[in-house]
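>
Protein chains: 2
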Amino acid sequence: MVTEESADRADALFHALADRTRRDILRRVLARAHSVSALAAKYDMSFAAVQKHVAVLEKAGLLTKRRDGREQLASGDVQAVQSVASMLTELEQVWRGHIARIDALIASDPEQEN
Amino acid sequence: MVTEESADRADALFHALADRTRRDILRRVLARAHSVSALAAKYDMSFAAVQKHVAVLEKAGLLTKRRDGREQLASGDVQAVQSVASMLTELEQVWRGHIARIDALIASDPEQEN
DNA sequence: ACAACATACAACCGAATGGTTGTATGTTGG
DNA sequence: CCAACATACAACCATTCGGTTGTATGTTGT
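Chains as they are written, first to last, in this note's numbering: chain A, 1 to 114; chain B, 1001 to 1114.
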């Protein structure tokens, strides 16, 4: 079963990852916490644009922010990354099930067709 | 290093996965080949809309089509799914490297800061 | 041969995306 | 205290997205 909320979450996660700037930001914040301005300094776009990317990642749950003085430190959430990986594993299992059914069919009755 | 082409491919893969209808189509075609019309019959939207979703998945390399008479049979490509999974694994490795550095730092010199 | 079916694709539309600039609001170091 | 910094957010814009309908082109069964 795919609930509405889990589909919403999957949409948000994959969408967040579907932008190279956001993937790069995620890579950086998984390695260590960065303030939003430290991140913004790395890219050839406005501060506001980078801030929006960070917000997309945050809404998807791929990073969290904590205040540290006047800075907002962003850290990557590896569990969210793993949850995406597990969605892909589930897809692989669907494929394996298909292969298993074909193998069983061939073993039991090579002439049958579906 | 992240080449331009690999980033383009990653963009296309994650974008293709960032829509629940496309994820559902992918699930079906990983389990068994479906004609475009067989897929279209499953969703409450026009044939053309489903066809576009199939085209997005195909351009991303997540499925391939082969002609069978007047039908076009779509099959999921599990290798493409695995390639996405490996991108996520790479992100997890970035995170593990960070943790390893912290552990090493604490073990060698608890007072030092970066 | 030809009617029915399967697919492809163009044109269009409203909503969302990814960027911009400008403005407001906190926080802090000296 | 206050100037400078860090962040947030609104408004705007061009492009892309996800859907529609309509039309063209293949393929096949009878």
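Idealized CB from N, CA, C, for every residue including glycine.
Because the structure is a prediction, the values reported are computed rather than measured.
(1) Output, in chain order, the set of chain B residues within a Cβ distance shorter than 9 Å of E92/A.
(2) Is the Cβ-Cβ distance between L1030/B and V84/A less than 7 Å?
(3) Quick one: measure Cβ to Cβ for T64/A and E71/A, integer angstroms, because I've assumed they're closer than 8 Å.
(4) May I ask which residues mark the beginning and end of the beta strand (DSSP E) holding D8/A?
(5) The ligand MG and T1003/B: does the residue's C-beta get closer than 6 Å to at least one heavy atom of that ligand?
(6) If I measure Cβ to Cβ from V54/A and keep anything under 8 Å in the same chain, skipping five residues before and after, which residues do I get?
(7) Counting only Cβ pairs nearer than 8 Å, list the residues of chain A close to T1089/B.
(8) Please list, in chain order, the chain A residues whose beta carbon lies closer than 9 Å to that of D1019/B.
(9) Taking the beta strand (DSSP E) that K65/A falls in, what are its first and last residues?
(10) So, is the C-beta of A7/A closer than 7 Å to a C-beta in chain B?
(11) Using only the alpha-carbon positions, how far apart do R1009/B and A1060/B sit?
(12) Using a beta-carbon distance below 7 Å, is H1053/B in contact with chain A?
(13) Just list the residues that DSSP pairs H34/A with in beta bridges.
(14) Please determine, among G69/A, T89/A, D68/A, A33/A, the residue with the shortest C-alpha to C-alpha distance to V1078/B.
(15) Kindly indicate if chain B contains any beta-carbon less than 7 Å away from that of R67/A.
(16) Comparing alpha-carbon positions, which option in V50/A, R101/A, G76/A lies nearest A33/A?
(17) Can a CB atom of chain B be found closer than 7 Å to the CB of M45/A?
(18) For V115/A, is the classification buried or exposed, using 16 other Cβ atoms within 10 angstroms of its Cβ as the cut-off for buried?
(19) Excluding sequence positions up to five away, which residues of its chain have a Cβ less than 6 Å from the Cβ of D68/A?
The short version:
(1) L1030, V1078, V1081, Q1082, A1085
(2) no
(3) Actually they do not touch by this definition, with Cβ atoms about 14 Å apart.
(4) It is not in any beta strand (DSSP E) - D8/A instead sits in the alpha helix (DSSP H) that spans 4–17.
(5) Of the ligands one can find in the structure shown there are none, so the ligand MG has no counterpart to examine.
(6) I25, V36, L39, L63, K65, A74
(7) A85
(8) D11, F14, H15
(9) 63–68
(10) yes
(11) 7 Å
(12) no
(13) A74/A
(14) T89/A
(15) no
(16) G76/A
(17) no
(18) In the structure as shown, chain A starts at 1 and stops at 114, and residue 115/A therefore has no counterpart that could be examined.
(19) none
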